[in-house]
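Heads up: the structure comes next, in structure tokens.
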Amino acid sequence: MLVREDQLYVPCSWPESFLKEWPKQALRDGRVLLRIAGKRYERQAVLVSDPEVHAELSAIGARKYDFEAPAEPDLDGLWFFRMDARPGG
19 MLVREDQLYV PCSWPESFLK EWPKQALRDG RVLLRIAGKR YERQAVLVSD
69 PEVHAELSAI GARKYDFEAP AEPDLDGLWF FRMDARPGG
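For the sequence shown, the working numbering gives the first residue as 19, with consecutive numbering after it.
Here it is in structure tokens:
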């Protein structure tokens with residue numbers, strides 16, 4: 019998980035992989051349940067499509083996980099989902 023401007027994001031590399039079903043479900047529905055330190059949080063997953071935000075998140079992830087950020091945002095190979103409060107919640 020990553021934090022940018024006090025908002026939580028969940029990265030997903032290789033989202034089109036047949037091994038990962040949750041990104042496809044998040045695109046269809048968006049309702050997710052996060053468990054952090056044993057506590058559950060109902061959230062709405064929103065795919066990041068803004069290249070500038072994507073680049074910032076890639077840089078944050080690179081610093082956190084000690085890898086080199088790509089020169090250009092890879093919107094197809096790496097997705098980020100912003101975890102918003104659920105509507106009406």
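The beta-carbon is built from N, C-alpha and C at its ideal position, and this holds for glycine as well. The structure presented is a predicted model; accordingly, all values stated were derived computationally and were not measured.
Close Cβ partners of residue i (< 7 Å) along its chain, the five nearest in sequence each way excluded
{"i": "A80", "result": "E86, A87"}
For residue j and residue i, the rounded distance between their alpha carbons
{"i": "W32", "j": "L96", "result": "6 Å"}
{"i": "D94", "j": "R61", "result": "23 Å"}
{"i": "R53", "j": "D92", "result": "27 Å"}
{"i": "R46", "j": "M19", "result": "21 Å"}
{"i": "D84", "j": "P29", "result": "15 Å"}
{"i": "G106", "j": "A89", "result": "39 Å"}
{"i": "G56", "j": "D24", "result": "21 Å"}
{"i": "K82", "j": "K42", "result": "26 Å"}
Same chain, Cβ closer than 8 Å to residue i, five either side skipped, listed in chain order
{"i": "V66", "result": "Y27, H72, L75, W97, F98, F99, R100"}
{"i": "R22", "result": "V71, E74, L75, I78"}
{"i": "A103", "result": "R61, Q62"}
Contacting residues, own chain, Cβ-Cβ under 6 Å from residue i (five flanking each side not counted)
{"i": "A63", "result": "A44, G48, V50, F99"}
{"i": "Y59", "result": "L52"}
Neighbour-count burial assignment, residue i, 16 or more Cβ in a 10 Å radius
{"i": "P69", "result": "exposed"}
*Give, in chain order, every unbroken run of the alpha helix (DSSP H) that is at least 4 residues long and sits entirely within the stretch 36–63.*
40–46
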